């Protein structure tokens, strides 16, 4: 009797203990798989591990960033970090960029995902338009908004003047500039959050909602009791990605404000660049980099632990 | 079979790693395959770069077998150069951007015995010659600058440039310009670096000789630096700056000068060259910088486009020949004209276009003393950025004069100790 493939598949699926036979075609080649990791590991070592170790080493020196020699200075650069008022300013800015963008992106991203998860005309087009800025380089994004906001010939001021108002120097104050940077970063990456939440929403089986509706649940309680708990993995992914991106914010600031007025809109990342190349304090810049790495790592670990705990509770 | 696979993969990974390690290279010869690599430090669309291209073509035609790899500048020539120096992948020739002696001297070949070196412009000697007469670069041009002004705007306000001798005179002139609805000082806060020039322009007329000497020896003259930033703070309080300061670029300054929207600019003469591109017949000139201590007004001078040779280059003969070719009077005249500055060697002719009249009046006549860029001589290497940011803080009222001075003092002390 000839055994059809379907019969075999059915028999195998019925037998929970079935494992592929150890013939030459099915033998697991774990050794080969491990070997195939090697190129990736080599790249990781070259572009991540080596610079990281080298950076930590540099943070204990007074290297100027280009001369052949340098001296060991112990913990001096780290002590300087603690007493540097400018570093405190840029660190607070970094937290504002990271937390501000993350909160806005979650609220807007989830809202857009909920709106565009429903059947409606033009849904695919709207999703594409909102996601499109994610594909644009932050430098281009910053330049577009600079051209929009600049004093002379800026599109926004042209509109204001056309409506009878006066030209405004939108990027002249710290508060205004920081808010604009948060807004531009949010507009650029809200599409990413939206896609993550859309994927999360579509993975929730509709039978849960149907069963809840039979029990009399509706609207807000469906969202609070079913959607939010089952979106926990999406929350974790989106929040961690946005937070890390915000903590490392660089390009938009460089293009939009150049870190000014003064040092007031710099992030730690842009300040590291200034300290390394312009102030010629590569050792101190490396200490800032190590501090930023440590802060991001701790934040990510704490956040992941907290979100995982909520997921398990849910 | 399995062993062979493991071996193949391991070799592949190792090859990849080694390729990456050698890609940046420690080849201090710069150009590849016999090419002389020349980092011009100037943008690809600038008149100077075009002139370099023309002259290099002629040089290559005259020197068979020699190829020159001209590299235009990115937006951060200094940053690019520092990365190249740090990695040991050093170009053969590079533009030293005002730092041939103090910053890059240890990487450069001494050139004081080259035939063209005897013609070094006098204004460049304080900044470019070492204590033993060492010269590390061939100066294409001389950066001589003062206060740029639009003559029509000043005339409309009844201001004569030669009447401005002190900062009080300047403030009165600026108030008259403001009363005519024009912006007295147009500054480029978006580009940031131009803001540091306020200190370079004002400080030489504030610091005493004794203070300047003590600055060179590592003692920060806090009182005089405070006076410099107080002068800038007074400009802000009087509303002399452009409203779009924070989003303005040097291009905006050039445009404002050309279109008669502003009276003054504290920027180098290349901005006037750009302004003439907006309006060929714009009446733009430069005047000596006023003083605060009752001394004589002065002009600022220093190294601008100067070309040094890597001391470890694999092409020393070709690199020296190229510099000698560029230093020929007819070639240097073309290069200096393209950069909008006076030539760096006395053997070449000066052609400053619209600025020639100011040059003849104040520079050629020798009527006005010149002083070096304050930061290059009296501040430690690396202090420029602090000067820029702290002055920007005063202009934008993001920091007080006292806080800015304290920051400069801290970095001055730190960098001076680091340099020692």
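Residue numbers (the numbering used here), protein chains in the order written: chain L, 38 to 351; chain Y, 240 to 659. All residues carry an ideal CB built from backbone N, CA and C; glycine is no exception. Computed from a predicted structure; not experimentally measured.
Run the CB neighbour count on residue i, radius 10 Å, all protein chains shown included, and call it buried at 16 or more, exposed below.
i, result
"residue 449 of chain Y", "exposed"
"residue 377 of chain Y", "buried"
"residue 315 of chain Y", "exposed"
"residue 309 of chain L", "buried"
"residue 655 of chain Y", "buried"
"residue 243 of chain L", "exposed"
"residue 394 of chain Y", "exposed"
"residue 330 of chain Y", "buried"
"residue 646 of chain Y", "buried"
"residue 458 of chain Y", "exposed"
"residue 345 of chain L", "exposed"
"residue 298 of chain Y", "buried"
"residue 323 of chain Y", "buried"
"residue 271 of chain Y", "In this prediction, residue 271 of chain Y has a pLDDT of 48, which is less than 50 and means its spatial position is unreliable; what the coordinates show is noted afterwards. By the neighbour-count rule (16 or more Cβ atoms within 10 Å), residue 271 of chain Y is not buried but exposed."
"residue 165 of chain L", "exposed"
"residue 601 of chain Y", "buried"
"residue 334 of chain L", "exposed"
"residue 588 of chain Y", "exposed"
"residue 91 of chain L", "exposed"
"residue 5 of chain L", "This structure cannot speak to residue 5 of chain L, because chain L is shown only from 38 to 351."
Residue i lies in the alpha helix (DSSP H); which residues open and close that run?
i, result
"residue 193 of chain Y", "There is simply no residue 193 of chain Y to check, as chain Y begins at 240 and stops at 659 in what is shown."
"residue 641 of chain Y", "640 to 658"
"residue 310 of chain L", "305 to 310"
"residue 561 of chain Y", "555 to 565"
"residue 424 of chain Y", "Unbroken run through residue 424 of chain Y is the beta strand (DSSP E), 422 to 424; no alpha helix (DSSP H)."
"residue 283 of chain Y", "No alpha helix (DSSP H) holds residue 283 of chain Y; DSSP gives it neither H nor E."
"residue 629 of chain Y", "623 to 634"
Please report the residue range of the beta strand (DSSP E) in which residue i lies.
i, result
"residue 276 of chain Y", "274 to 278"
"residue 71 of chain L", "Careful: residue 71 of chain L lies outside any beta strand (DSSP E), inside the alpha helix (DSSP H) at 67 to 73."
"residue 538 of chain Y", "538 to 542"
"residue 525 of chain Y", "523 to 526"
"residue 152 of chain L", "Residue 152 of chain L -> not in any beta strand (DSSP E); alpha helix (DSSP H) instead, spanning 122 to 153."
"residue 332 of chain Y", "332 to 334"
"residue 546 of chain Y", "545 to 548"
"residue 502 of chain Y", "501 to 504"
"residue 380 of chain Y", "380 to 384"
Within a Cβ cutoff of 6 Å, which residues of the same chain sit near residue i, ignoring the five residues on either side of it in sequence?
i, result
"residue 355 of chain L", "Nothing about residue 355 of chain L can be read from this structure; chain L reaches only from 38 to 351."
"residue 245 of chain Y", "Note that residue 245 of chain Y scores a pLDDT of 48, beneath 50, so its modelled location is shaky; the value from the coordinates is reported in the next line. Around residue 245 of chain Y: no qualifying Cβ."
"residue 396 of chain Y", "415, 416, 419"
"residue 531 of chain Y", "406, 444, 445"
"residue 505 of chain Y", "436, 437, 440"
"residue 145 of chain L", "227"
"residue 632 of chain Y", "638, 643"
"residue 412 of chain Y", "398, 403"
"residue 212 of chain L", "none"
Is there at least one non-hydrogen atom of the ligand PLP closer than 7 Å to the beta-carbon of residue i?
i, result
"residue 101 of chain L", "For the structure depicted, the ligand PLP is absent and the ligand set is empty, with no information on it obtainable."
So which residues of chain Y does residue i contact, with C-beta pairs closer than 9 Å?
i, result
"residue 314 of chain L", "315, 317, 318, 321, 322, 624"
Using a Cβ-Cβ cut-off of 8 Å (strictly less than) and excluding sequence neighbours within five positions of residue i, which residues of its own chain qualify?
i, result
"residue 206 of chain L", "188"
"residue 610 of chain Y", "443, 537, 538, 539, 540"
Starting from the C-beta of residue i, find all residues in its chain whose C-beta is less than 7 Å away, skip the five residues before and the five after it, and write them out in chain order.
i, result
"residue 313 of chain Y", "319"
"residue 304 of chain Y", "none"
"residue 218 of chain Y", "Because residue 218 of chain Y is not part of the residues shown, which for chain Y are 240 to 659, the question remains open."
So with CB distances below 7 Å, who are the chain L contacts of residue i?
i, result
"residue 620 of chain Y", "317"
"residue 499 of chain Y", "Ordered by position in chain L, no residue passes the 7 Å Cβ test against residue 499 of chain Y, which lies about 15 Å from the chain."
"residue 485 of chain Y", "206, 208, 209, 297, 298"
"residue 482 of chain Y", "188, 206"
"residue 628 of chain Y", "299, 300"
What residues from chain Y crowd round residue i, counting only those whose CB sits closer than 7 Å?
i, result
"residue 103 of chain L", "321, 324, 325"
Residues of chain L with CB under 8 Å from residue i, in chain order?
i, result
"residue 491 of chain Y", "189"
"residue 631 of chain Y", "297, 298, 299"
"residue 638 of chain Y", "299"
Listing by chain order, which chain Y residues have their CB less than 8 Å from the CB of residue i?
i, result
"residue 99 of chain L", "657"
Who are the neighbours of residue i on chain L, taking C-beta pairs under 9 Å?
i, result
"residue 635 of chain Y", "209, 210, 211, 297, 298, 299, 301"
"residue 559 of chain Y", "Result: empty, since nearest Cβ-Cβ is about 24 Å, beyond 9 Å."
Exercise for review: Pull out every residue of the stretch 394 to 406 of chain Y whose Cβ sits closer than 7 Å to any Cβ of chain L, in chain order.
Suggested key: none
Practice item. Scan the stretch 205 to 223 of chain L for residues whose Cβ lies nearer than 7 Å to a Cβ of chain Y and list them as they occur along the chain. Key: 206, 208, 209, 211
Check your understanding: What are the residues of the stretch 424 to 435 of chain Y that lie near chain L, defined by any Cβ-Cβ distance shorter than 8 Å?
Key -> 428, 429, 430, 431
Point to revise | Chain-ordered residues of the stretch 282 to 312 of chain L with a beta carbon less than 7 Å from chain Y | key: 295, 297, 298, 299, 300, 301, 311
Check your understanding: When Cβ atoms are compared, which residues of the stretch 562 to 583 of chain Y fall closer than 9 Å to chain L?
Key -> none
Practice item. Determine which residues of the stretch 511 to 533 of chain Y have a Cβ less than 8 Å from any Cβ of chain L, and write them out in chain order. Key: none
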